[in-house]
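The next block holds one structure in the form of structure tokens; read it before the comments.
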Amino acid sequence: MYTIPDSLKSEIESFRQQVSDFRTNKTEAVKFKAIRVPMGIYEQRKNDTYMVRVRCTGGMITPAQLKGVAQAARKYGSGDIHITTRQELQIHNVALENTPDLLESLYSLNLSSRGGGGNTVRNILASEDAGISPDEVFDVTPYLVALTNSLIAEPDSWSLPRKLKIAFSGNDLDNSNVIFNDLGFIATNKNGVNGFRVFMGGGLGSKPSTGNLLFDFLLPEDMLYVTEAVKKLFSNHGNRRNRHKARLRYLFYKLGKEKVFELFFEYFNTLKQESEYSLSLPSLNLKTPEGSQAKSTKNDTPFAHWHRRYVRTQKQTGLFSVEIPFEHGITDADTLENLASFLNPLGNDVIRLNMRQNIRLRHIPGNKLNALFDYLTQLGTDTGMPRILNNLVTCTGADTCRLGICLSKGASSAIRKKISSSNPEVLDSLHNVRINLSGCPNSCGQHQVADLGFYGKASRNDRLYPAYYVTVGGKTGTADAGLGKKLGEISARDLPTLTYEILEEYAGKQNNYSNFNNFLRAEGEEHIKMLLNKYREIPSFDDDKNYYFDWGGQELFSVKGKGQPECSAGMFDMIDFDRDTVSSLQKKLENTDHQEESEGEILNKIVFHASRMLLVTRGIEPKTRTEVFTGFTEHFIDEGYVSQNLKNIVSLAMENKNEEIVSFRNEVFALDKEVNALYDSMDDSLQFKTSKKHGDPEKIEVPTDAPAEKEENIHSKDFSGVACPMNFVKTKIELSKLKTGELLEILLDDGAPINNVPGSVKEEGHEIVAVNKKGEHWSVLIRKV
26 MYTIPDSLKS
36 EIESFRQQVS
46 DFRTNKTEAV
56 KFKAIRVPMG
66 IYEQRKNDTY
76 MVRVRCTGGM
86 ITPAQLKGVA
96 QAARKYGSGD
106 IHITTRQELQ
116 IHNVALENTP
126 DLLESLYSLN
136 LSSRGGGGNT
146 VRNILASEDA
156 GISPDEVFDV
166 TPYLVALTNS
176 LIAEPDSWSL
186 PRKLKIAFSG
196 NDLDNSNVIF
206 NDLGFIATNK
216 NGVNGFRVFM
226 GGGLGSKPST
236 GNLLFDFLLP
246 EDMLYVTEAV
256 KKLFSNHGNR
266 RNRHKARLRY
276 LFYKLGKEKV
286 FELFFEYFNT
296 LKQESEYSLS
306 LPSLNLKTPE
316 GSQAKSTKND
326 TPFAHWHRRY
336 VRTQKQTGLF
346 SVEIPFEHGI
356 TDADTLENLA
366 SFLNPLGNDV
376 IRLNMRQNIR
386 LRHIPGNKLN
396 ALFDYLTQLG
406 TDTGMPRILN
416 NLVTCTGADT
426 CRLGICLSKG
436 ASSAIRKKIS
446 SSNPEVLDSL
456 HNVRINLSGC
466 PNSCGQHQVA
476 DLGFYGKASR
486 NDRLYPAYYV
496 TVGGKTGTAD
506 AGLGKKLGEI
516 SARDLPTLTY
526 EILEEYAGKQ
536 NNYSNFNNFL
546 RAEGEEHIKM
556 LLNKYREIPS
566 FDDDKNYYFD
576 WGGQELFSVK
586 GKGQPECSAG
596 MFDMIDFDRD
606 TVSSLQKKLE
616 NTDHQEESEG
626 EILNKIVFHA
636 SRMLLVTRGI
646 EPKTRTEVFT
656 GFTEHFIDEG
666 YVSQNLKNIV
676 SLAMENKNEE
686 IVSFRNEVFA
696 LDKEVNALYD
706 SMDDSLQFKT
716 SKKHGDPEKI
726 EVPTDAPAEK
736 EENIHSKDFS
746 GVACPMNFVK
756 TKIELSKLKT
766 GELLEILLDD
776 GAPINNVPGS
786 VKEEGHEIVA
796 VNKKGEHWSV
806 LIRKV
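One rule links them: number in this note's numbering = place in the sequence shown (from 1) + 25.
And the structure:
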């Protein structure tokens, strides 16, 4: 449905070479991860097995594409496929050597995994009923496809501070969580003109937030200007240093809404004046069958129950949409290939992947519903189950995810089994209660917007046991959007019973309330707190070992398989790798028993890794040792960030003159020290706090009519011999002791100290009154502001 950019073919070819280089140890693992993850390829919990995430804009995929994905999953992986909460498909258990061929296969289907991970523009969400809902303002489908086509063709979409998530919704009910995305567009109409309400800065996970209303009405032709302005704002001001504070919403936490909006409109207005973005709505060429009326049937038949639970009437006369449930979003190649073949005669606009991890069919003629029901029954889908049992959402959890703490799929299955013992009529009355689980706090299962949400944690009494935090009352919709409230925690073993008892209480009182959230506000929260208190005590291991096994787990619960996140893989992984390597090499030098390598070889490696460490911050990706050293010399020594007198040891390392480099051991350590000081001075946007060249610093002009300062009013500190960044830290400490307006004179060494400290002090908001040379040192006079 979207247009593959011309560059993707060559990117896949390049990736094939990168895979080969990695497998033959020509590329380091950390560098390869930074290449692999933005291509949508993640390593699973089991080492050397991978998952490939397929971009499906708005959940759209044709029967032919679905069949091709199924065949590729079988050929290159295990055939296991997962429908995600972001309306994508994930192909699991793929060997690394098969990933390039898999990407080629997707390319032939006009599909891509590019941007499925990393610091990129991710898959764009849309209402699953876009184009068919009787309640939508207008169909947002052409707009989200147009935006996708534009963004995935732009190189800067792949190098953001962190991932950027975008969503579209057809009305203010917001069934695609626009409010909880980084950028979102909600269809609206003003005086007969279609447009969008635009929200910015929402997000789930750590420190979640609802979005801020940016435009109450935006003409569609300005949509690209808004998106480009948000990208520029995020790219230039987002936190590239700390991945845990790098999402767009952290700009609002740091700067405040007013300042962020001010910055946004600077970019937006500049783009409007200086650039020309044309919104080119694609010709989707969607083919749909003619409608027809459904056959009447008795109310108590299996077909009637299925129709009531899973079939909706479209705004197109005689056409219906049908939800096909998949527990945990898990399916396989055989099932999807079979389904695709059945659906193919119905046109190319018949499938949407939805955020409940199911498939919603559309444009089903009424006279085809009976045949579809029979087919789905034969296929093995749960056509006879109440919808609440097939509407539980869960992430993949610790089964395959490296960040997973708990086996959330096992817990979900246990909940499903427990509540299925209820009367089917009661369960049908609860069909709108949304239950979501995440295996860790990262909210991939979207627990924060569920009526009942649970997310995994490791708890302990005499030993570790799996547990979940309980959140309640998450709400979507622009009128009343809100995040769930955390009420407490429950052991994984007691979670199914807790869920059953909560639903049982609500079922007995739901006639008094219009929905589950109203029940929560009136009395439900207090009831749940009472239940949590009831289950607070955990049996000892000797009394009941079951509490210490996770649902579906065969071993005692532990977090030993938990790994590091890959979704933000990139720059700082490479920086940390070089930084840690230098540290290890220095320790190796301290150990005199390093006969496998000479001292000169180790010093050479230190220079190499120190030189390479920050090249990535300048967009340099060296492929050879020579490119590392020449890049470092050009961009750091010649630019004045690193001392000129260290150029010699870089040259010695480049020429592999290891015997000579031993004589410059102290200079090697000085190089590493300066590079680390430079790193420590780097701000969120990867700008160093000083850009002055080494040598004589610029003197700060002091007004000629400035009154002479009385010497006795000046506090003095000698920081000569104190290296960066400790000289700046000590300066900050001394300034903290002074009153506003008081003066501090500090004495600094030549080189990095004088080039760094005054600029850093000035950025803190203080006034640099004077800078003067005093013998071999520099005097800096500072007024506290």
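Just so you know, even glycine gets a beta-carbon here, dropped at the ideal spot from N, CA and C.
key: Beta carbon of Ile515 nearer than 7 Å to that of Tyr560   = Taking the C-beta atoms as reference points, Tyr560 is found nearer than 7 Å to Ile515.
inquiry  = Quick check: what's the CA-CA separation for Thr503 versus Glu580?
reply    = 45 Å
task = Take the Cβ of Gln42 as the centre, count every other Cβ of all protein chains shown within 10 Å, and call the residue buried at 16 or more, exposed below.
result = exposed
ask   = Where do the N-terminal and C-terminal ends of the alpha helix (DSSP H) with Phe290 fall, by residue?
value = From DSSP, the alpha helix (DSSP H) with Phe290 extends over Lys282 to Glu299.
ask   = Can you tell me whether DSSP reads Asn416 as helix, strand or coil?
value = Three-state result, Asn416: coil.
request  = Kindly indicate which three-state DSSP category Tyr75 falls into: helix, strand or coil?
outcome  = strand
query = Does the Cβ-Cβ distance between Val165 and Ala178 come in under 7 Å?
reply = no
ask   = To the nearest whole angstrom, what separates the beta carbons of Glu153 and Asn379, a pair I think is in contact under 8 Å?
value = 4 Å
task = Report yes if the CB atom of His472 is closer than 7 Å to the CB atom of Ser463, and no otherwise.
result = yes
message = To test your reading of the DSSP string, which unbroken alpha helix (DSSP H) runs of 4 or more residues are found completely within the region 152-176?
response = 166-176
ask   = Under a three-way DSSP split, which group does Thr658 fall into?
value = helix
query = Given Asp603, which residues of its chain have a CB within under 6 Å of its CB, disregarding the five upstream and five downstream residues?
reply = His634, Arg637 and Met638
ask   = Per DSSP, what kind of secondary structure is Thr338 in: helix, strand or coil?
value = Thr338 sits in a strand when the DSSP states are folded into three classes.
inquiry  = Quick check: what's the CA-CA separation for Thr406 versus Tyr335?
reply    = So the alpha carbons of these two residues sit roughly 12 Å apart.
query = When we look at the beta-carbon of Asp359 and count the other beta-carbons within 10 Å, is it buried (16 or more) or exposed?
reply = So Asp359 ends up on the exposed side.
Beta carbon of Leu304 nearer than 7 Å to that of Glu246 = Yes, these two residues count as a Cβ contact at 7 Å.
request  = Please report how far the alpha carbon of Lys282 lies from the alpha carbon of Phe240, in whole angstroms.
outcome  = 14 Å
task = Report yes if the CB atom of Thr756 is closer than 7 Å to the CB atom of Lys809, and no otherwise.
result = no
query = With a cut-off of 7 Å, does the C-beta of Gly766 fall near any C-beta of chain C?
reply = The displayed structure is made up of one protein chain only, and chain C is not part of it.
query = Counting pairs of Cβ atoms below 8 Å between the region 397-404 and the region 124-144, do you hit three or more?
reply = No: fewer than three Cβ pairs fall under 8 Å.
message = Taking only three categories from DSSP, how would you classify Ala120?
response = coil
request  = Find out if the Cβ-Cβ distance for the pair Ile191, Ile149 is shorter than 7 Å.
outcome  = yes
task = Look at the Cβ atom of Lys312, then the Cβ atom of Asn373, and state whether they are nearer than 7 Å.
result = yes
inquiry  = I'd like to confirm the pairing. Which residues does DSSP put opposite Thr496 in its beta bridges?
reply    = Gly478 and Lys511
key: Buried or exposed by the 16-neighbour rule on C-beta atoms within 10 Å, applied to Ser194   = buried
query = Shortest alpha-carbon distance to Gly230 belongs to which of His388, Cys469 and Cys431?
reply = Cys469
message = Excluding the 5 residues flanking Cys81 on each side, which residues of the same chain have their C-beta closer than 7 Å to its C-beta?
response = Gln112, Glu113, Leu114, Asn148 and Leu378
message = Please list the terminal residues of the continuous beta strand (DSSP E) segment that includes Ile563.
response = Segment: none, Ile563 is in no beta strand (DSSP E) and carries neither H nor E.
message = Taking 8 Å as the cut-off, does the region 340-351 touch the region 424-432 (at least 3 CB pairs, one atom from each stretch)?
response = no
request  = Specify the secondary structure class of Asp31 as computed by DSSP and reduced to three states.
outcome  = coil
Cβ distance (whole Å) where Cys431 is taken to contact Ala517 below 8 Å = 6 Å
query = Which residue spans inside the region 669-717 form an unbroken alpha helix (DSSP H) run of at least 4?
reply = 672-679, 683-686 and 690-705
request  = Please name the residue in Arg70, Leu131, Thr49 and Gly435 whose C-alpha comes closest to that of Gly93.
outcome  = Leu131
query = Thinking C-beta only, is Val62 closer than 7 Å to Ile116?
reply = Not a contact, by the Cβ cut-off of 7 Å.
task = Note the first and the last residue of the continuous beta strand (DSSP E) segment covering Ser194.
result = Ile191 to Ser194
request  = Spatial neighbours of Arg814 within its chain, please: CB distance less than 8 Å, with the 5 preceding and 5 following residues excluded, ordered by chain position.
outcome  = Because the chain in this structure spans residues 26 to 810, residue 814 falls outside the shown range and cannot be described.
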